[in-house]
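Take a look at the structure:
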């Protein structure tokens, strides 16, 4: 057959299916735009210049963009394949008709090739053009978030463009190959007859139901029982996978199981409204369960990302004050016998040379190690291990230092300790083992004995132990040579005047490092830049992923509404022919649509309720936030998302009802016009006769 004719046939097919093809191209274009923007930022001269960060923290920003690119790339494959499958599903009858009309498989393949070229060219071309156009705007927005000065000039990344082009060409090529294989393996006549074959009532897949219940129950259990950030780091992704698997399994099999149970309840089932609803819902869930589960997972992802990213930026400055309570913090390893007094004098000399006046000065000396908390006490920890729930950080201070820090005078005999634990399981008068050495808990103390220097309290349980003297610590090491080294640490923190310059801070830093060479020196203003670079990068990527997930959710809902509209059109006709009035039939279908539409978002909100604790702990890696504050953020995000979701429902439902009732309305309108015409014609004849 002539290639020109086949090309015209391909364009005609695209035109006739524009209601599904245009949203598919739009989804692909947005995905490509997001991917291109993030990849352009990875290679941007505004972040990396001559292999070096353009500003403090730019390397962290680039890392965030790289992670975002990988995430978008993974979801791009899923979104493009899903959209392609829906477009092809709506064209099965049309493609089957090609074969019946005499087109060879080679001709059909050529038509599909032209259609795929048009779709991919529009998607990739539009996506790259939009990405290049929005790139500078994205850079300015990013720099605004991370509090960097605006940059001048444009930056077009040829490397990012080529990678984007090749990556998505491969995806579209794989989709085309899949479509060709699917069509060539199908019998055209069977495809045409498939829509007229009666459906069988779906059966409950017991094994899948059990898998779903077990997976989602264990996922919820992991989320609720996480005790620390360290546990959340290892458990969160496992819980996400389990809940995702459970969601798909319960939507596919659990929904059918519930409907079967309702059907067995004769008092409920044999009522006109329930009889029709349950029967129709059973067939709806058979075809749409996986799609509903996908909407649920995407909705959960949108709410999760919005809650986390909004918390990051809302609590930004507050978080900096919590992490860095003082303007300057100096930390030294004191294993060589350094005393707090000696280091204090060195700091005084450095302050004099730099011309800085220190305020609110605090000094601390302690020993620190990690261990595994047991019923007997703290045992040496063996890393790596899968279960980190019992990992704890151990701080040990001497009685003299404790008095110096708190002003509380206590007495301890050899073998006695004072103890405080963040898990609140301290019992006075009990024995407590520290790396195999037994101690007697004389008294429970209140609060953190090392002040603001505790950087591990947000990651795991912490034990604060006060011992009589240094000899007690030496005894712990002697009794167990395999014990992890109890590293001695000295910290000095203080505030500085607002007029202090960066040059003065650099002089102070050089003096301290020149004296000891192994200090950890942190300056709050510098850490603020790093904070906003890291958090701003996460927030920026989170916004893009949220937009992508939201658009994918809307497209998925649109496709599902279109698909259900085509199926419900036939059901509506059957219900009308069975004797139900239009009002009753519409009421039944409307209630089912409402249930099907809002089931995923309600399930997503339930997922977020169970996930709130483990998410808060996981965010503890980079964010200090109260549980009440985080839950409030989740509640607000859920409400906003529900409003957006409802708006999407109202918009897409118009398209749905147009498919279901549109043709019937048109037929009724034609019938009314015909009757009116016949009546007028008859009236004209009668009038003529009367005049005669």
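Residue numbers (the numbering used here): 3 to 694. Virtual Cβ for every residue (Gly too), placed ideally from N, Cα, C.
Q) Is residue 324 near residue 493, with beta carbons less than 8 Å apart? A) no
Q) For the putative contact between residue 172 and residue 114, defined by C-beta atoms under 8 Å, what is the C-beta separation to the nearest angstrom? A) About 17 Å; that fails the 8 Å criterion.
Q. Can you tell me whether DSSP reads residue 147 as helix, strand or coil?
A. helix
Q: Find out if the Cβ-Cβ distance for the pair residue 591, residue 654 is shorter than 8 Å.
A: no
Q. Does the Cβ-Cβ distance between residue 226 and residue 612 come in under 8 Å?
A. yes
Q: Use the C-beta contact count for residue 504: other C-beta atoms within 10 angstroms, 16 or more gives buried, fewer gives exposed.
A: exposed
(Q) Taking only three categories from DSSP, how would you classify residue 652? (A) helix
Q: Counting only the same chain and skipping the five closest in sequence on each side, list residues whose C-beta sits under 6 Å from that of residue 326.
A: 526 and 529
Q) Do the segment 28 to 45 and the segment 118 to 129 make contact, defined as three or more Cβ pairs closer than 8 Å? A) yes
(Q) For residue 361, tell me which candidate among 296, 17 and 502 has the shortest Cα-Cα distance. (A) 502
Q.
Can you tell me whether residue 360 is helix, strand or coil according to DSSP?
A. strand
Q. Exposed or buried, what is residue 310 when buried is set at 16 or more other beta-carbons lying within 10 Å of its beta-carbon?
A. buried
Q: Assign residue 8 to one of two classes, buried (16 or more other C-beta atoms within 10 Å of its C-beta) or exposed (fewer than that).
A: buried
Q.
Looking at residue 498: is its Cβ nearer than 8 Å to the Cβ of residue 354?
A. no
Q. Assuming residue 564 contacts residue 22 under a Cβ cut-off of 8 Å, what Cβ separation, rounded to an integer in Å, is found between them?
A. 6 Å
Q.
Would residue 284 and residue 204 be called neighbours here (beta carbons separated by less than 8 Å)?
A. yes
Q) Where residue 109 and residue 30 are concerned, what is the direct C-alpha to C-alpha distance, given to the nearest angstrom? A) 27 Å
Q) Mind checking whether residue 616 and residue 257 have CB atoms under 8 Å apart? A) no
**Q.** First and last residue of the uninterrupted alpha helix (DSSP H) at residue 182
**A.** 160 to 187
Q: Would you kindly work out how many angstroms separate the C-alpha atoms of residue 647 and residue 603, rounded to a whole number?
A: 8 Å
Q. Beta strand (DSSP E) containing residue 393: first to last residue?
A. 393 to 400
Q | First and last residue of the uninterrupted alpha helix (DSSP H) at residue 228 | A | That residue, residue 228, is in no alpha helix (DSSP H); it is neither H nor E in DSSP.
Q.
With the cut-off set at 8 Å, would you say residue 50 and residue 60 are in Cβ contact?
A. yes
Q. Taking the DSSP output, what are the residues bridged to residue 380?
A. 375 and 436
Q) Helix, strand or coil: which one does DSSP assign to residue 713? A) Summary: the structure shown does not reach residue 713, with the chain confined to residues 3 through 694, and so no result is reported for it.
Q: Count the other C-beta atoms from every protein chain shown that fall within 10 angstroms of the C-beta of residue 635, then say buried if there are 16 or more, exposed otherwise.
A: buried
(Q) Please state the DSSP three-state secondary structure of residue 141. (A) helix
**Q.** residue 137 burial status per 10 Å Cβ neighbour count (16 or more: buried)
**A.** buried
Q | Contact set for residue 650: own chain, Cβ-Cβ below 7 Å, skip 5 residues either direction | A | 556 and 559
Q) Taking residue 119 as the reference, which of 141, 134 and 179 has the closest Cα? A) 179
Q: Give me the Cβ distance between residue 70 and residue 543, rounded to the nearest whole Å; I'm assuming they're in contact under 8 Å.
A: 4 Å
Q: Go ahead and pull the three-state DSSP assignment for residue 425.
A: coil
(Q) Do residue 297 and residue 249 count as a contact pair if the criterion is CB distance below 8 Å? (A) no
Q.
Between residue 153 and residue 145, how many whole angstroms is the CB-CB distance? I'm expecting something under 8 Å.
A. 7 Å
Q: In angstroms with no decimal places, state the Cα-to-Cα distance between residue 465 and residue 515.
A: 31 Å
(Q) I'd like the span of the beta strand (DSSP E) that includes residue 466, first residue to last. (A) 463 to 469
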